[in-house]
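Asker: I have a structure here, written as structure tokens, and I will follow up with some questions on it.
In UniProt numbering, the protein residues as written are 1 to 579.
So this is what it looks like as structure tokens:
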């Protein structure tokens with residue numbers, strides 16, 4: 001017996017200390033607060049996920065035993081039946097509230113019991129919300145390098161000799177961007193990783209503010225001005241960067257697009273290309289922006305005489321302006337977020353004289369070179385069908401390999417303006433700073449002895465947000481709730497353990513067998529009054545009992561707990577009166 005009692009005592013001590021594990025979990029979580037996410041913390045999180053299930057179970061067992069043994073100790077000393085019922089019967093929040101209502105006396109002890117039972121769900125939920133992961137960023141300032149807008153003065157379109165010497169370089173760059181446009185047309189970066197600028201005309205009327213915000217869903221509905229972007233270097237590889245760049249872009253705005261016959265269209269010689277761009281009037285020059293130009297494209301060659309061919313003829317305005325664009329990057333993936341128009345003379349090399357030169361020579365040479373970019377030196381170009389550029393303008397998503405003429409007059413002036421602008425900018429950007437377009441620019445700037453390529457770039461201030469490794473973040477409010485709930489539960493558990501072994505009276509309250517104690521309707525052997533409830537149940541477990549009428553032969557019956565197999569008790573009925 002002594003070994004059994006020692007075992008029971010040891011079990012009680014361990015069991016009544018079980019709530020200490022929640023205190024330990026809270027302290028461990030506090031210990032790793034702010035530390036990098038690790039497998040150790042992830043295991044702790046998995047344990048905490050079980051807390052909403054385990055905590056209420058342990059809470060109910062320990063808190064219920066505390067109230068029970070406290071009530072038993074008060075019964076030993078003498079207490080009211082109401083207080084005893086509140087303590088012994090308080091096994092959950094509902095039972096505590098039920099006794100408050102049923103006893104029709106809202107006592108202070110009843111309120112305390114309900115508050116204590118509220119700690120059960122609070123403790124379980126606080127453990128679940130105790131900790132999580134947090135990613136912080138370090139903010140710093142840096143410098144991003146981007147292509148100097150003044151590099152446009154080095155365009156190959158500045159002289160016929162430059163065109164001839166650079167044709168083998170800019171032609172493949174332009175055609176590569178054109179042929180890959182079905183994939184990269186709607187992306188914020190070109191196929192070499194350069195950052196594309198939005199077309200200002202597409203957002204100019206969106207707001208009256210100076211900065212026009214670029215709004216898009218997943219950056220797929222932005223109209224970009226070119227298929228080739230602005231080279232950018234020294235981006236942070238993992239951080240988020242925000243900066244602005246300045247660049248120039250051409251814009252073509254057409255107000256009329258229609259089909260005309262050969263005589264009316266006055267297309268001219270077909271020995272060069274199937275489409276043409278020229279100043280209007282023909283053989284004139286441009287004195288200021290925007291310049292008036294005409295766009296003409298062969299629509300078919302079914303007739304025997306070219307005078308009866310059909311042509312697309314559009315009247316447009318050509319302009320060349322400077323813009324500043326705000327760029328937001330995550331790592332090396334960038335998108336434009338806003339754009340505004342700035343003074344055209346943003347560099348030291350692009351002067352008013354330079355601007356006048358551009359209105360005539362580079363613009364004129366572009367009109368001559370662009371239409372024949374993929375059919376230079378080919379005889380009878382009219383019989384080859386439309387060029388890739390024309391087919392791209394007709395349908396940028398489906399133009400490769402088609403041997404046909406396209407009817408560009410079917411496009412609205414707005415669509416033609418947009419596509420001709422993209423085509424013009426893409427070609428022109430392939431004619432200057434060509435050695436910077438292929439990407440891999442960081443090596444140029446990482447070199448301690450900077451190459452001449454780096455002199456083509458401008459530095460711009462950038463704010464950089466560098467993500468740090470994820471760390472564990474403790475929610476201190478839920479930490480406090482878990483710690484307070486666990487400590488109160490632990491105090492209650494040790495109080496229950498103390499009263500269990502301190503109280504002399506046997507534990508008979510709340511057991512069915514206790515109703516047989518000194519009950520005249522339940523004959524039992526003499527003695528046994530010191531037995532605990534479960535010990536008495538063990539001895540009498542085979543006895544048949546019932547709650548019934550022990551005065552079945554009287555006019556008015558009496559209800560009592562009695563032994564069922566001696567004929568002294570009858571079943572209750574609703575048609576009989578009982579005292």
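Ideal Cβ positions, reconstructed from N, Cα and C, are used throughout, including at glycine.
For the segment 487-505 and the segment 126-137, state whether three or more C-beta atom pairs, one from each stretch, are separated by less than 8 angstroms.
Answerer: No, the segment 487-505 does not touch the segment 126-137.
Asker: Jot down the residue ranges of each uninterrupted alpha helix (DSSP H) in the segment 338-419, minimum 4 residues, whole runs only, in chain order.
Answerer: 352-369 and 388-394
Asker: In the DSSP assignment, find the beta strand (DSSP E) that holds residue 250 and state where it starts and stops.
Answerer: DSSP places residue 250 in the uninterrupted beta strand (DSSP E) bounded by 240-261.
Asker: Is the beta carbon of residue 146 closer than 9 angstroms to that of residue 233?
Answerer: yes
Asker: Pick helix, strand or coil for residue 222, following the three-state DSSP scheme.
Answerer: Here DSSP, grouped into helix, strand and coil, assigns residue 222 to coil.
Asker: Along the beta strand (DSSP E) that carries residue 145, what are the first and last residues, could you check?
Answerer: Looking at the DSSP string, the run of the beta strand (DSSP E) that includes residue 145 is 137-147.
Asker: Please state whether DSSP places residue 199 in a helix, a strand or coil.
Answerer: coil
Asker: Near residue 174, which residues of its chain fall below 7 angstroms by C-beta distance, leaving aside the five closest residues on each side in sequence?
Answerer: 373, 426, 427 and 430, listed in sequence order.
Asker: Could you confirm whether any beta carbon from chain B is found closer than 9 angstroms to the beta carbon of residue 261?
Answerer: Considering every chain present, this structure includes no chain B. It has just one protein chain.
Asker: Rounded to the nearest angstrom, how far is the Cβ of residue 474 from that of residue 33, given a contact under 8 angstroms?
Answerer: 4 angstroms
Asker: For residue 56 and residue 30, I'd like the C-alpha separation in whole angstroms.
Answerer: If I take the Cα positions, the gap works out to 22 angstroms.
Asker: Only counting the same chain, and skipping five residues up and downstream in sequence, which positions put a Cβ closer than 7 angstroms to that of residue 158?
Answerer: 361 and 362
Asker: Secondary structure at residue 557, three-state DSSP: helix, strand or coil?
Answerer: strand
Asker: Can you give me the C-alpha to C-alpha distance between residue 109 and residue 83, rounded to a whole angstrom?
Answerer: 8 angstroms
Asker: Considering just the uninterrupted stretch of the alpha helix (DSSP H) at residue 537, what are its terminal residues?
Answerer: Residue 537 -> alpha helix (DSSP H) spans 533-540.
Asker: Leaving out five residues before and five after residue 96 in sequence, what residues of the same chain have Cβ atoms less than 6 angstroms from its Cβ?
Answerer: 90, 113, 114 and 117
Asker: Using a 10 Å radius around the Cβ and a threshold of 16 neighbouring Cβ atoms, would you call residue 468 buried or exposed?
Answerer: exposed
Asker: For a quick check, are the C-beta atoms of residue 119 and residue 485 less than 9 angstroms apart?
Answerer: Their beta carbons are under 9 angstroms apart, which means residue 119 touches residue 485 by this criterion.
Asker: Tell me whether residue 273 is buried or exposed, calling it buried when 16 or more other Cβ atoms sit within 10 Å of its Cβ.
Answerer: buried
Asker: Does DSSP put residue 582 in a helix, a strand or coil?
Answerer: An answer regarding residue 582 cannot be provided, because it is not within the stretch 1 to 579 covered by the chain.
Asker: Note down the Cα distance separating residue 12 from residue 25, rounded to an integer number of angstroms.
Answerer: 22 angstroms
Asker: Please report the distance separating the alpha-carbon of residue 313 from that of residue 409.
Answerer: If you take the alpha carbons of residue 313 and residue 409, they lie about 7 angstroms apart.
Asker: Can you tell me whether residue 270 is helix, strand or coil according to DSSP?
Answerer: coil
Asker: Tell me the DSSP bridge mates of residue 210?
Answerer: In the DSSP output, where bridge partners are listed per residue, residue 210 has none listed.
Asker: Less than 9 angstroms separating the beta-carbons of residue 345 and residue 151?
Answerer: Cβ atoms of residue 345 and residue 151: not closer than 9 angstroms.
Asker: Return the Cβ separation of residue 212 and residue 326 in integer angstroms, given the expectation that the two are a contact with Cβ distance under 8 angstroms.
Answerer: So it is not a contact: roughly 10 angstroms between Cβ atoms.
Asker: I need the boundaries of the alpha helix (DSSP H) containing residue 40, first residue and last residue.
Answerer: 39-48
Asker: Let me confirm a value: residue 53 is counted as buried when at least 16 other C-beta atoms fall within 10 Å, else exposed. Which label applies?
Answerer: exposed
Asker: What are the boundary residues of the beta strand (DSSP E) that includes residue 312?
Answerer: 310-330
Asker: Among 543, 516, 523 and 545, which one has its Cα closest to the Cα of residue 531?
Answerer: Nearest to residue 531 by C-alpha distance, out of 543, 516, 523 and 545, is 516.
Asker: Closer than 6 angstroms by C-beta to residue 36: which residues in its own chain qualify, once you throw out the five before and the five after it? Chain order, please.
Answerer: 469 and 471
Asker: Is the segment 286-299 touching the segment 317-324, taking contact as three or more C-beta pairs under 8 angstroms?
Answerer: Judged by Cβ distances under 8 angstroms, the segment 286-299 makes contact with the segment 317-324, as three or more pairs qualify.
Asker: Go through its chain and collect everything with a Cβ distance to residue 509's Cβ below 8 angstroms, but skip five positions before and after it.
Answerer: In chain order, 68, 71, 72, 75, 84, 88 and 533 place their CB closer than 8 angstroms to the CB of residue 509, counting only its own chain and leaving out the 5 sequence neighbours on each side.
Asker: Taking the continuous beta strand (DSSP E) assigned at residue 131, which residues delimit it?
Answerer: 131-134
Asker: Does the beta-carbon of residue 50 have 16 or more other beta-carbons within 10 angstroms, so that it is buried, or is it exposed?
Answerer: exposed
Asker: I need the straight-line Cα distance from residue 392 to residue 298, nearest angstrom please.
Answerer: Linking residue 392 to residue 298 through their CA atoms gives a straight-line distance of about 14 angstroms.
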